[in-house]
Amino acid sequence: MLIDFHAHAFPDNIAPHAIRALSKNGAIPCFHDGTISGLLCSMDEAEIEKSVILNVATKPSQTENIIKWCLKIRSGRIIPFASVHPEIRETKNIIKRIKGEGIKGIKLHPMYQDFEPDDEKMFPLYEQISDEGLIVVFHSGDDIAFPDDRRAEIGRIIKVREKFPALKIVAAHTGGWMRWEEVLEKMAGRNIYFDISMTSGYIKSHELFKDIIKKHDGDKLLFGTDAPWADQKKESDFLKGLEIDNKLREKIYHLNAEGLLDSVR
Numbered sequence: 026m027l028i029d030f031h032a033h034a035f036p037d038n039i040a041p042h043a044i045r046a047l048s049k050n051g052a053i054p055c056f057h058d059g060t061i062s063g064l065l066c067s068m069d070e071a072e073i074e075k076s077v078i079l080n081v082a083t084k085p086s087q088t089e090n091i092i093k094w095c096l097k098i099r100s101g102r103i104i105p106f107a108s109v110h111p112e113i114r115e116t117k118n119i120i121k122r123i124k125g126e127g128i129k130g131i132k133l134h135p136m137y138q139d140f141e142p143d144d145e146k147m148f149p150l151y152e153q154i155s156d157e158g159l160i161v162v163f164h165s166g167d168d169i170a171f172p173d174d175r176r177a178e179i180g181r182i183i184k185v186r187e188k189f190p191a192l193k194i195v196a197a198h199t200g201g202w203m204r205w206e207e208v209l210e211k212m213a214g215r216n217i218y219f220d221i222s223m224t225s226g227y228i229k230s231h232e233l234f235k236d237i238i239k240k241h242d243g244d245k246l247l248f249g250t251d252a253p254w255a256d257q258k259k260e261s262d263f264l265k266g267l268e269i270d271n272k273l274r275e276k277i278y279h280l281n282a283e284g285l286l287d288s289v290r
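Last residue of the sequence shown? That's 290 in the numbering used here, and every number before it is there in order.
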């Protein structure tokens, strides 16, 4: 079984515009049309059983709409995460509602939501997420659409980890996109989950990738792609072809994701 812990999709009426805008910003191609049906077709081709849909509220008003959409699209194969915009100051009831509705986690993106993860104004939100036992996925490292923007630098994620030891943190893109030497030095081995999305085609060598996963806790590695901005089949083939222990491969494929998702009750 394969679980993609980092995928994206949009409502059918929004998907064409969202895909055009986001692809233009990052100058990267898409590998499906951005809809749930397009994602499911991609999953079938890649033999992926389930995908976690990571939504991002780019303005406060989107927080409620995203929760509603999560409830509409979730299924045995689609596991949607909510998002909370940092400008919303009273978030306790929102987090309780997310938990009460059975949504497993929240995605936060420092660039698209204009915040720094280690800013103290974010701490009440983290405490609420931690208290409810939810998962938080951070975009970590650089972003192709925001050159030279350091709001998601890995040191900030590490500070959050140290401040909130019980918070279930996933640092996307193998700890920090395009900052993998720094990840190896400073983040690998810490109590942080890594999804391995958007890594295979960008990391300078497979040896560096293997060094990271060798140093990191094998129970905290998650398969992810960043679809539709990555080819799910190509990403699954990359992992299948990597020379790693089969027990570790199964953990990355699905066992770690299952354990993390099941921890939210």
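Even for Gly, the Cβ is constructed at its ideal location relative to N, Cα and C. The model shown is predicted, which means the values in this text are computed figures rather than measured ones.
From Leu133, Ile73, Leu79 and His110, pick the residue whose C-alpha is nearest to that of Glu89; which is it? Ranking the options by Cα distance to Glu89, first place goes to His110.
Going by the DSSP bridge assignment, what does Tyr137 pair with across the sheet? As computed with DSSP, Tyr137 is found in no beta bridge at all.
Does the region 27-46 come within contact of the region 59-70, defined as at least 3 CB pairs closer than 8 angstroms? With three or more CB-CB distances shorter than 8 angstroms, the region 27-46 counts as touching the region 59-70.
Touch check for the region 166-185 and the region 261-275: three-plus C-beta pairs under 8 angstroms? No, they do not touch.
Beta-ladder partner(s) of Phe106, from DSSP: For Phe106, which the question treats as bridged, DSSP gives the partners Leu79.
I'd like to check one pair, Asp29 with Ser2: are the Cβ atoms closer than 8 angstroms? Summary: the structure shown does not reach residue 2, with the chain confined to residues 26 through 290, and so no result is reported for it.
Determine which residues share a DSSP beta bridge with Gly130 and list them. Beta-bridge pairing by DSSP links Gly130 to Ile160.
In the DSSP assignment, the alpha helix (DSSP H) including Val195 goes from what residue to what residue? Taken as a continuous stretch (DSSP letters only), Val195 belongs to no alpha helix (DSSP H), being part of the beta strand (DSSP E) at Lys193 to Ala196.
Within 10 Å of its beta-carbon, does Asn281 have 16 or more other beta-carbons around it, so buried, or fewer, so exposed? If you draw a 10 Å sphere on the C-beta of Asn281, you find 16 or more other C-beta atoms in it, and that means buried.
Mind checking whether Ile92 and Ala71 have CB atoms under 8 angstroms apart? Contact flag unset, no.
Using 8 angstroms as the Cβ pair cut-off and three pairs as the minimum, do the region 243-260 and the region 211-224 touch? Counting C-beta pairs with one atom in each stretch, the region 243-260 and the region 211-224 have three or more that are closer than 8 angstroms, which means they touch.
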